[in-house]
Amino acid sequence: LQDISERKEHESQLARLANEDSLTGLPNRHWFLNFVPVALAQAQDGGHGAALLFIDLDEFKQVNDSHGHAVGDRLLQFAAERLLSQLRPGDSVARFGGDEFVVLLSPFDSDQQVAIVADRIVDAFRKPFAIGDDQHMIGASVGIAVYPRDGLDAATLIRHGDIAMYAGKAEGKGQHRFFEPAQSNILKTRTQLRQRLLEAIEKRQFTLHYQPRVDTGTGELLSMEALLRWEHPQLGMIRPDEFIPLAESSGLIVPIGAIVIDQACAQLAAWRTQGAVPVPVSINVSPRQFLRGGVKRELSDALARHDVPAGLLEVEITESAMMGDQAEILAELASIRALGVKLHVDDFGTGYSSLSQLQRMKMDVLKVDRSFTAELGRSREGTVFFQAIVSMAHALGMEVVAEGVENEEQLQILRALKCNEVQGYFVARPLPAAGIAPLLAQRYLFREALAA
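Just so we're aligned, residue 37 is where the sequence shown starts under the numbering used here, counting upward by one.
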């Protein structure tokens, strides 16, 4: 009897392991795939509908990469608890894999009833998760496939829920979307674009254009920002806003970022060989690239490979890249600065950095987002706010660059506010390397406007 009892207990444990996610305690993918056909048959017999919700956690990968798997695992556990708390009695949930969860709602009376549950889930994930002393912000994107309208079996409903979820992400994360047949084209296009990106990385189809930054007081060309361009052999020039979001979400931004570093250094070396006196070039390092680590090594290797002085290279990072583990970020920034590379805060005002954080980071340059530049001349409040940013940055020993300068009025206001540098279409549009050579010789831009 004891042997039989032990065998049954062992079989019970094996069954639990086969059907339960060990990290979250939720049912797993295997259980869900076996459960859905039974639930759909019950829905058919009962004459009511069922809805599958495919849920993906927004920004989870960034938290996991920057804080490590221990924090990521704890976050998944909390996410599972929060998800469970938003469901109705009788609804079923499983961890499908990674940061993906699936829910089966049954029964329900209308799409509106399903949307209410989906909205509850999305709203719940807008609140931060406290792990140790840190607050972590992630979100949830939800795709919905309805039985029998969107599919008659588990595989079809899961596929259509996944497609709807990605369609929602393409329009902006943190929302729900019902499946529509036309969304299949979005996923197909996304898959094709990812394949083309892989080919572009392999075949080096990327190039850089350079946008000048000038001294606000003298009009002297002081530096340039390197901006990524994709020249596809058949499709022509593909705009950054068409491929950068996918590159970020897929992780392909990391090898693309390495290409940018190498090309910027190669071009600086070429200008020096041609006898031009180059000015520093700033490159954008994405949050994914920065939080992964290794940027300092890539910079150091590229500078050495092309024999370029470190003072000719500058790095721009956004405020969101500074939201991870503070000790690790400070160490990475310090190692980059030790090379002799200047550090910029890019698009300042669009993130959540504080004065104390900026002080700890010891950044060299503050680039104010174009949305604040656009307010100059429109309202007194816009000018006062910009003045406060300039005063704060100068007090912290940082120079200030105004992005998106598009007219002379903005330029003159910025000059009065003692903003150090300006960048935008009024100064110069982004140009290929060949178009920059005359500017390196000319050195001064828009003397007339600046002398007014």
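All C-beta atoms, glycine included, are put in the ideal place defined by N, C-alpha and C.
Quantities reported herein were computed from a predicted structural model and do not represent experimental measurements.
{"query": "Could you tell me if Val195 is buried or exposed, where buried requires 16 or more neighbouring beta carbons within 10 angstroms of its beta carbon?", "result": "Val is not the amino acid found at residue 195; the sequence shown has Arg there. Counting Cβ neighbours within 10 Å, Arg195 comes out buried, since at least 16 surround it."}
{"query": "Run through the region 261-313 for me and flag every whole beta strand (DSSP E) of 3 or more residues, listed as ranges in chain order.", "result": "272-274"}
{"query": "Count the other C-beta atoms from every protein chain shown that fall within 10 angstroms of the C-beta of His84, then say buried if there are 16 or more, exposed otherwise.", "result": "exposed"}
{"query": "Using alpha carbons as the reference points, say which of Ala87, Ile174 and Asp169 lies closest to Ala154.", "result": "Ala87"}
{"query": "Starting from Pro184, follow the alpha helix (DSSP H) in both directions and report where the run begins and ends.", "result": "That residue, Pro184, is in no alpha helix (DSSP H); it is neither H nor E in DSSP."}
{"query": "Comparing C-alpha positions only, which one of Val178, Arg185, Gly187 and Ala191 sits nearest to Lys205?", "result": "Val178"}
{"query": "When you compare each of Asp81, Gly134, Phe384 and Glu95 to Ser58 by their alpha carbons, which one comes out closest?", "result": "Gly134"}
{"query": "Give me whichever residues DSSP pairs with Leu244 in a beta bridge.", "result": "Leu264"}
{"query": "Express the C-alpha separation of Val99 and Val377 in angstroms, rounding to a whole number.", "result": "26 Å"}
{"query": "For Val458, count the other beta carbons within 10 Å of its own beta carbon; 16 or more makes it buried, fewer makes it exposed. Which is it?", "result": "buried"}
{"query": "Could you tell me the alpha carbon to alpha carbon distance between Phe71 and Gly287, rounded to whole angstroms?", "result": "33 Å"}
{"query": "Does DSSP put Tyr480 in a helix, in a strand, or in coil?", "result": "strand"}
{"query": "Ends of the beta strand (DSSP E) at Phe353?", "result": "One detail in the question is off: residue 353 reads as Ile in this sequence, not Phe. Element bounds for Ile353: Leu349 to Thr354."}
{"query": "Spatial neighbours of Met358 within its chain, please: C-beta separation below 7 Å, excluding the five flanking residues on both sides.", "result": "Ile365, Ser389, Gln393 and Met397"}
{"query": "Compare the C-beta of His196 against all C-beta atoms of chain B and say whether one is closer than 8 Å.", "result": "No chain B appears in the structure shown, which is made up of a single protein chain."}
{"query": "Taking all protein chains shown into account, decide if Ala262 is buried (16 or more other Cβ within 10 angstroms of its Cβ) or exposed.", "result": "buried"}
{"query": "Within a Cβ cutoff of 8 Å, which residues of the same chain sit near Gln241, ignoring the five residues on either side of it in sequence?", "result": "Glu235, Trp266, Glu267, His268 and Pro269"}
{"query": "With distances taken from CA atoms, which of Val426, Glu350, His103 and Tyr183 is nearest Leu258?", "result": "Glu350"}
{"query": "Run the CB neighbour count on His212, radius 10 Å, all protein chains shown included, and call it buried at 16 or more, exposed below.", "result": "buried"}
{"query": "So, helix, strand or coil for Ala130, using DSSP?", "result": "strand"}
{"query": "Contact check, Gly460 vs Glu442 under 8 Å by CB: the rounded distance?", "result": "5 Å"}
{"query": "Less than 8 Å between the beta carbons of Thr409 and Gly440, yes or no?", "result": "yes"}
{"query": "I need the DSSP call for Val321, collapsed to helix, strand or coil.", "result": "coil"}
{"query": "Measuring alpha carbon to alpha carbon, tell me which residue in Gly168, Gly175, Pro125 and Ala346 is nearest Phe137.", "result": "Gly175"}
{"query": "Terminal residues of the continuous alpha helix (DSSP H) containing Leu339?", "result": "Val331 to Arg341"}
{"query": "Count the other C-beta atoms from every protein chain shown that fall within 10 angstroms of the C-beta of Leu188, then say buried if there are 16 or more, exposed otherwise.", "result": "exposed"}
{"query": "From Ala477 to Val313, what distance separates their C-alpha atoms?", "result": "8 Å"}
{"query": "From Val107 to Asp147, what distance separates their C-alpha atoms?", "result": "36 Å"}
{"query": "CA-CA distance, Arg503 and Leu140?", "result": "Past the boundaries of the shown model lies residue 503; the chain is included only from 37 to 488, so the question cannot be answered."}
{"query": "Label Gly272 either buried or exposed according to how many other C-beta atoms from any shown protein chain fall within 10 Å of its C-beta, with 16 as the threshold for buried.", "result": "exposed"}
{"query": "What is the DSSP secondary structure of Phe215, counted as helix, strand or coil?", "result": "coil"}
{"query": "Could you give the distance in angstroms between the alpha-carbon of His172 and the alpha-carbon of Asp94?", "result": "12 Å"}
{"query": "For Glu136, report the span of its beta strand (DSSP E) as first-last.", "result": "Glu136 to Leu141"}
{"query": "With burial defined as no fewer than 16 other Cβ atoms inside 10 Å of the residue's Cβ, what is the status of Gln395: buried or exposed?", "result": "exposed"}
{"query": "Give me the Cα-Cα distance between Asp343 and Ala300, rounded to the nearest whole angstrom.", "result": "12 Å"}
{"query": "How many Å lie between Ala363 and Leu369 at the Cα?", "result": "10 Å"}
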